[in-house]
Amino acid sequence: MVKKVVDSRIPTLIKNGVQNKHRSLFVIVGDKGKDQVVNLHWILSQAQVTARPSVLWCYKKELGFTSHRKKREAKIRKEIKRGIREANEEDPFELFVAVTNIRYTYYKETHNILGNTYGMCILQDFEALTPNLLARTIETVEGGGIVVILLKTMKSLKQLFTLTMDVHSRYRTEAHGDVIGRFNERFILSLGSCENCLVVDDELNVLPISAGKNVKPLQLKPSEESMSDEQIELKEFKASLADTQPVGLLVATAKTLDQGKAILTFIEAISEKKLRSTVTLTAARGRGKSAALGIAIASAVAFGYSNIFVTSPSPENLKTLFEFIFKGFDALEYEEHLDYDIIQSTNPDFNKAIVRVNVFKQHRQTIQYIQPQDAHALGQAELLIIDEAAAIPLPLVKNLIGPYLIFMASTINGYEGTGRSLSLKLIQQLREQSKGFVGQENSVEPDDGMMVINRNGKNKKNAFTSFNGALTGGRVLREIKLEEPIRYGSNDPVEQWLNKLLCLDAAIISRNIQGCPHPQQCELYWVNRDTLFSVHPVSELFLQRMMALYVASHYKNSPNDLQLMSDAPAHHLFVLLPPIKGDNSLPDPLCVVQVCLEGDISKQAVLNSLKRGRRASGDLIPWLISQQFQDDDFASLSGARIVRIATHPDYMKMGYGSRCLELLSAFYQGEFSTLKENEDYAEETMVRADDSELENADLHKDDIKIRDPHKMPPLLLKLSEKRPVLLHYLGVSYGLTPLLYKFWKRSGFIPLYMRQTPNDLTGEHTCVMLKALKSDGLVTTCNPEWLAAFSKDFHKRFLNLLSYQFRDFPSVLSLSIMETADAGYKNVNNNKQKFTKDILDSQFSVYDLKRLESYSNNMLDYHVIMDLIPTIAYIYFRKQFGIDVVLSGVQSSILLGMGLQRKSIDDLEKELTLPSAQILALFMKIIRKFSAYFRSLEISEIQKEIPHETTVVKKKAVTTSIDSTEKNIKNIVNPQIDNDAAWDPVSKTLNEDLDEAGDDAMKQIREKQRELIDSLDLSKYAIGGSAEDWEAAESQIKALTLGKKSNLTVVSVKNQNSTKKRKLTETAANILIVVAVLIVESNYTKGLRDKVDIVELLKSFGLKAIHRGGKGDGGVDVESLDVIRELRGVVCLEGVVGIVVGNEFSPDAINEANKSESFPIILTTKTRLPLTLLNLTLDIIHKTPIKLSRYNNFILIINFVIFVLTFFSPYI
């Protein structure tokens, strides 16, 4: 074998990577590239001081060599026999395969390697690579390792621009088959920006595109100087916990400060021994999540936890976790076989992975692996660890949550597909519910689509109602985030390159702006994908902003979405931008819309697919609708499916999404096109490499760089500048949630399909909705009313499926879906069958109607009629009752939930957040309406059966009954016999007669009232005063305005026409009457407590009070008439009213009352007080309660009262 000197830049790059714990990327072009893998691995093993690096080898189908030892030996023997190989010849590649720890895996099985770490990764079969595979495999390589991508022999790397990838077959449709590999171009151009990347041929010659071609060796630093600030802080952190055991021993195993703090948080949750806590650990790949969980499990064993369960997508993902469990045991001085045993799986699919650890040092303790779908096995769990939760479907993660301590680790880069789902949905939900942790087990929370399992493992509760209230409402949440990488060093160039290539770290930048533009001021722009994916700095920045909106607003993101955006020929991108300013700054998109053109499929292709029961890739909605409704004409329609619509988080629920749909509908209806013929529109053009250019290319002189921006088409185009594509419909397919359905319903979309099985990743049911567009200028072979026909059929299907797969839907959401589907065909002549007496008899028996009537009269329990509710609900929601029976929204939800979804009262109580008594009351009203309607049908049917006598029969009966001797009467009756109107019943009903009589009576009363009002003398209310009086008043006002001092500040004008006597003020008389009344009613009952000295009140009017104190009541003797100290007592208001207005009493009654100790004095005068004065009296009593004391001298008080009444009688 001819030896060759390897380019010095190759070992230099590898050694620098080992020193900095950075990974190196090699792209080997050539069919013999696998032979150079051996050399790169040898250089790596020489640069490291550890054991030989392990290798991960990923391929599509054919490895190209055998990895089986016995087969390899048999092959060598055959080659020796054939004479093409020497007996003692050693092939370096075969030696490498024999002595190196290599993990071979198919690309489709790379999900099993999550959580593992390798020293080298080889990726062959470039055409099978996808962005998901790149992210998943490259991140398994540790710092200092090597990533190798093998390419076939080619003359120029530009050939990769036109290379057909395996995934492209799924992007092609019948109408759009030309795929442009923009992602491959982006991938090759991005290699030029990775500092640790070398592109070489199969002889290790460095190619010009390599960004690491200028690499230089680094100088070695002393160990003291090489310690960073984080490492110094970690050392101090470990020292501070050294005296606390077993915490100190376990934290000492941490590699970074972040990991050490995470381990400490886990131990705190474990030491509390509260089984209602959740600890979430989120980080990017390679931050030490699995290692921290392993140390935490070891600490749980030290704290005495007996039943510990671990789950992950595959037990192979737990290799690192179990490795660090055993490192924790070593730190705790546990010995294998003496203190614990390790059990490996015998399942060949699990590759001898560890599935159980039995610990018996203190007592029997178990660490058991379970599969994510085995949530029923957690009945006795004390601690559950969920590793790589982002790769587990969200419904399974929710099922695993229960009344035990939970540790959850997740990668949130998003390339696993559901990482963002866990971050935005589950953790956010736990975060919000933990804020109200005051033991809210009995509270009713909004639905969240979860199912939980109690200790017995059998009591499952519905996801929409029970999860929050039962468990999570009372759980404590701790969140941990790891930032510092462990698997490789900080600022790893390969990580930065991968994140930029796949937009994995695209983050939203919140703009602190004043106000937001009105949606009507915003415009929709079409995005040129050639320019967007050209790797130009400006377009790259705009792409990162678009992907940031995707990541922030949609939870099912993956790097594969980027390749779909770039390469799929039927896909188009639109952005909603605010009003663009005059400067040249790049605008921030408010919304991003991804649209896929579908349909326009030939009828023959549809028939062939329907016969075989299969459908081609792409064209989701046409194939789905054609298959569901067995319609072979719909696929010929052209439409657009809205793949995604993402709105900036700061501008959500402001109308921008609806504005996008409005402008998109207008564009596809041709409303932006002008009336000019032969209008020149900007086309999507890009100069690409042709075959002649590639044939003359040289790989070693190939200069690949970013295209000239002046030769690229504009990035954004207004809709008026883009040639319109007229379509028949707009469609959307999404995971059903109440908020999303409300959005699409508001935009005018009609549901046509609901998937009966939930999505494996999110647990949501797929919903397909369509909106018909104005297609006057388009030729169609389909029924013009196709949408109404499909909507009617969907309405009937959905109605029947509500008690099956859709039973867990919220009743309000189900009601909204049916209302929308019904609105899709209500304006079309659908010949709905009217509910009649015949249908009533066929659906309900006499006993059924009696039961309904008895329940509506509160004579039966609702369980007695539950068998009739499904039939009633089905007929009602089929709209057969019409407008004869109308229910409110809540009543319709209750009827739908009980009748069609077969839900119990308890389920509706939690779902509608209404008390069960109120639900039953509303249910009673529902049944009463139906019972009354059924009764009215029976009555109307009976009325039709009653025979009506004709006028001739009536005449004959009356004529024969007249006696010949009563001729006078006959003369009177006979004329009426001949009058047909005389035989009709009365023209008015009894109520109408009563109303008419009542109107006459009210009319007479109003006339009398008008006469009384007209007879009143209103002259006394006229304003009096002479001219001199008004002049004096005016001069007084002027004097006050000029600031002159005056004792009079009130203007008074005398009324010449007044007839009132003004010897004493009316107020004085009223107050004196009050005093008199209070004295009369002294101490009648108890109730008022305030004290008022009434002596001054009497003196102000020149009167004197006579008082003589009683025994033991606090009274005092009075020697003179003009001196009084205090009057005490209790006044009863009711007594005042009863006696003063009062009737005359007999002398016996007065004497009997006077003997009573309560001393109610009864006034026997015939003098009656005016009603107005009495009312004023009561008013004053309310405002000024006066306390009086009891008196022994009755006569004095009576005389005083009579004196007052007599003296002031002229003024009363």
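Following this note's numbering, the numbering of the sequence shown begins with 125 at its first residue and continues without gaps. Think of the CB as a built atom: it goes at the ideal place given N, C-alpha and C, for glycine as much as any other residue.
Looking at the unbroken beta strand (DSSP E) that takes in residue i, where does it start and where does it end?
i     : result
F433  : N431 to T435
V1346 : Limits of the chain in this structure are 125 at one end and 1336 at the other, which puts residue 1346 out of reach.
G188  : First-last for G188: undefined, no H or E at that position.
T261  : Careful: T261 lies outside any beta strand (DSSP E), inside the alpha helix (DSSP H) at P255 to I262.
Q875  : In the sequence as presented, Gln is not what sits at residue 875; that position holds Pro. Here the beta strand (DSSP E) through P875 covers I874 to M878.
R768  : S762 to T771
D743  : It is not in any beta strand (DSSP E) - D743 carries neither H nor E in the DSSP assignment.
How about residue i and residue j: are their beta carbons less than 7 Å apart?
i     : j     : result
V142  : A171  : yes
I394  : S414  : no
G268  : K145  : yes
H919  : A945  : yes
P617  : N320  : yes
Q331  : V339  : Correcting the residue type first, residue 331 is Leu in the shown sequence and not Gln. Contact: no.
Q160  : L275  : no
R831  : S927  : no
G1021 : L1032 : yes
S762  : D724  : yes
Q687  : P255  : yes
S844  : F796  : yes
I491  : L508  : no
E608  : D382  : yes
L164  : P177  : no
Identify the continuous alpha helix (DSSP H) that holds residue i and give its terminal residues.
i    : result
C784 : Y780 to Y792
A426 : K413 to A426
H695 : Here H695 belongs to no alpha helix (DSSP H); instead the beta strand (DSSP E) covers H695 to L701.
S169 : G157 to A171
Q143 : R133 to N144
Within 10 Å of its beta-carbon, does residue i have 16 or more other beta-carbons around it, so buried, or fewer, so exposed?
i     : result
L313  : buried
T357  : Thr is not the amino acid found at residue 357; the sequence shown has Glu there. Exposed: under 16 other Cβ atoms inside 10 Å.
N441  : buried
T368  : exposed
K139  : buried
T1191 : Residue placement at T1191 is flagged as unreliable, the pLDDT there being 39, under the threshold of 50; the coordinate-derived value follows with that caveat. Its Cβ having fewer than 16 others within 10 Å, T1191 is exposed.
Q553  : buried
T1113 : exposed
M983  : exposed
K158  : buried
K127  : exposed
H772  : buried
N236  : buried
Return the chain-ordered list of same chain residues with a C-beta closer than 6 Å to the C-beta of residue i, the five sequence neighbours on each side being excluded.
i     : result
L787  : L648
G1266 : Confidence at G1266 is low in this model, with a pLDDT of 34, below 50, so its placement is unreliable and no value can be given for it.
I749  : F758
D325  : V153 and G154
Who are the Cβ neighbours of residue i in its own chain at under 7 Å, not counting the five residues just before and after it?
i     : result
V730  : S750, D756 and A759
L1046 : V1014, Q1015 and I1018
I993  : M1022 and G1023
Which residues in the same chain have their Cβ closer than 8 Å to the Cβ of residue i, if we skip the five residues on either side of it in sequence?
i     : result
R1186 : With a pLDDT of 47 at R1186, under the threshold of 50, the predicted position of this residue should be treated as unreliable, and no value is reported.
Cβ contact (3+ pairs, closer than 8 Å) linking the segment 461-480 and the segment 255-267: no
At least 3 beta-carbon pairs within less than 8 Å: the segment 884-899 vs the segment 961-979: no
contact_flag[the segment 232-245, the segment 765-782] where n(CB pairs < 8 Å) is 3 or more: no
Meets three-Cβ-pair contact criterion under 8 Å: the segment 1025-1045 and the segment 998-1013: no
The segment 494-501 contacting the segment 401-412, beta-carbon criterion three pairs below 8 Å: no
Stretch-stretch touch, CB-based, cutoff 8 Å, three pairs: the segment 272-289 with the segment 620-631: no
The segment 1007-1019 in contact with the segment 1050-1067 per 3-pair CB rule at 8 Å: yes
Three CB pairs or more closer than 8 Å across the segment 685-701 and the segment 711-722: yes
Inter-stretch contact (C-beta, 8 Å, three-pair minimum) for the segment 641-661 and the segment 824-841: yes
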